[in-house]
């Protein structure tokens, strides 16, 4: 089968993650990250043919400059003519998009209309689409949405118990995120275990600086932990996850916080960082806890307890559980977190094989539950970029 190379762009609020991927094999031809965009010393780091390089960008460079520098790099490496499409990760598709789409003016307008639901990400995603469309004017541009996979959730799962008019008039509802990751690992898990798509009950735990769990019934998302924004749900690196909404009122009325300060507090100063008062990096917190730091240990305990409680709750929409999958930076690499969570879920037929659990790290997939466990637990490295690449290549063929 001939190669189908796709340029994948993931524009964050102050970063640009990119890769050229063979959609057929999943091989990364080029990969990298432009970081600290808008700051005094932005950098573009990349890996090509096993060699890592980095380029300095002019002070204050934003996404446009980074993408143009990437275009120049791709041309210098003689990779341009091999591309069949550009795939764009778009964080929020609202209710408009239930699958990946070929970008046109209508799609751009719909993404713009949804930007109020993701003000830090959708505008950056649109910049990526605009600049790439000009730089690669002869290539199809494909938008792949974080929220699309969760559009199969029923109203009982996605509606808030707020006045219905807020949903009808303003789209206030739960949307869910990390959709490409949950889709990818649930499909991989189903194939590894030999489960049919028509008879599979899987829970996926995507654990990184952002964390979410999703219930996947017969290949479809039926509930997930993140909501209208990525703030809802689990304890995360710097995000609080679920809180009493009255806390926002208390912070505002009693402590004098502005809404901007509340937003910063809950999104950037909470979670593992807020509890540990040390770091948002799970590795640093685990190391501190091992050295006797009680605050770090408390952060890990709360993280694992909330995760286990959420996983247990998602068995309800599934009516049972065939497999639990861990993925993401923490999910793939922290055997300590996995063991702690599985210990709390033994009543679901889950357990942890210590030797298998220790072996499944640093990109190594595998079953981590014992041979006698009634429910299987696995580690599966996620590959959101390959999902984007395969969708982009498929849609490009239809143009």
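Residue numbers (the numbering used here): 51 to 449.
Backbone N, C-alpha and C fix where the C-beta goes; we use that ideal spot for every residue, glycine too.
For my contact list, residue i and residue j are in at a C-beta cut-off of 8 angstroms; report their separation, rounded to the angstrom.
i	j	result
residue 353	residue 276	Contact flag wrong, Cβ pair sits at about 16 angstroms.
residue 87	residue 111	6 angstroms
residue 151	residue 175	The Cβ separation is near 13 angstroms, so there is no contact.
residue 400	residue 374	6 angstroms
residue 198	residue 149	6 angstroms
residue 182	residue 136	5 angstroms
residue 178	residue 59	5 angstroms
residue 164	residue 142	5 angstroms
residue 189	residue 133	6 angstroms
residue 416	residue 428	7 angstroms
residue 234	residue 449	About 24 angstroms separates the two Cβ atoms, so there is no contact after all.
Considering residue i, what are the terminal residues of the alpha helix (DSSP H) in which it resides?
i	result
residue 81	Element bounds for residue 81: not the alpha helix (DSSP H) but the beta strand (DSSP E), 78-85.
residue 406	404-409
residue 160	155-163
residue 138	Element bounds for residue 138: not the alpha helix (DSSP H) but the beta strand (DSSP E), 133-140.
residue 300	296-303
residue 236	229-243
residue 318	309-318
residue 339	332-340
residue 281	That residue, residue 281, is in no alpha helix (DSSP H); it is neither H nor E in DSSP.
residue 322	321-326
Could you give the residue range of the beta strand (DSSP E) that holds residue i?
i	result
residue 96	93-98
residue 184	Run containing residue 184: none in the beta strand (DSSP E); it sits in the alpha helix (DSSP H), 172-185.
residue 251	251-257
residue 124	Run containing residue 124: none in the beta strand (DSSP E); it sits in the alpha helix (DSSP H), 113-126.
residue 272	270-274
residue 72	66-72
residue 443	Segment 434-448 is the alpha helix (DSSP H) holding residue 443; no beta strand (DSSP E) there.
residue 262	261-267
residue 290	Run containing residue 290: none; DSSP gives neither H nor E here.
residue 106	101-106
residue 59	55-61
residue 428	426-429
Just the C-alpha distance for residue i and residue j, rounded to the nearest angstrom, thanks.
i	j	result
residue 380	residue 319	19 angstroms
residue 274	residue 126	43 angstroms
residue 80	residue 439	13 angstroms
residue 365	residue 303	38 angstroms
residue 306	residue 312	10 angstroms
residue 242	residue 360	24 angstroms
residue 258	residue 332	9 angstroms
residue 215	residue 145	16 angstroms
residue 117	residue 156	23 angstroms
residue 66	residue 120	10 angstroms
residue 419	residue 109	50 angstroms
residue 519	residue 388	Coverage of the chain is limited to positions 51 through 449, which leaves residue 519 absent and any answer about it impossible.
residue 310	residue 245	47 angstroms
residue 98	residue 297	48 angstroms
residue 341	residue 195	42 angstroms
residue 247	residue 268	5 angstroms
residue 383	residue 219	43 angstroms
residue 211	residue 442	37 angstroms
residue 236	residue 265	9 angstroms
residue 172	residue 285	24 angstroms
residue 78	residue 301	46 angstroms
residue 75	residue 186	23 angstroms
residue 115	residue 294	42 angstroms
Comparing alpha-carbon positions, which option in the options lies nearest residue i?
i	options	result
residue 223	241, 232 and 204	204
residue 208	252, 245, 235 and 278	278
residue 435	105, 229 and 366	229
residue 329	188, 287 and 389	287
residue 231	298, 255 and 367	255
residue 96	85, 187 and 361	85
residue 336	292, 369, 291 and 385	385
residue 64	91, 391, 233 and 348	91
residue 158	75, 191 and 94	191
residue 263	247, 250, 280 and 249	280
residue 166	221, 245 and 188	221
residue 350	370, 367 and 327	327
residue 378	410, 404 and 109	410
residue 61	113, 94, 105 and 106	113
residue 394	363, 219 and 250	363
residue 251	173, 338 and 425	425
residue 314	78, 416, 290 and 99	290
residue 104	82, 153, 115 and 340	82
residue 200	392, 316, 171 and 272	272
residue 292	308, 180, 211 and 321	321
residue 444	301, 368 and 193	193
residue 347	407, 171 and 390	390
residue 283	299, 316 and 308	316
residue 433	447, 414, 404 and 180	414
* Inside the segment 190-217 only - alpha helix (DSSP H) runs reaching at least 4 residues -> 205-208
* Asked: In the segment 351-395, which residue ranges form an unbroken beta strand (DSSP E) of at least 3 residues, counting only runs that do not cross its ends?
  -> Whole beta strand (DSSP E) segments, 3+ residues: 373-377.
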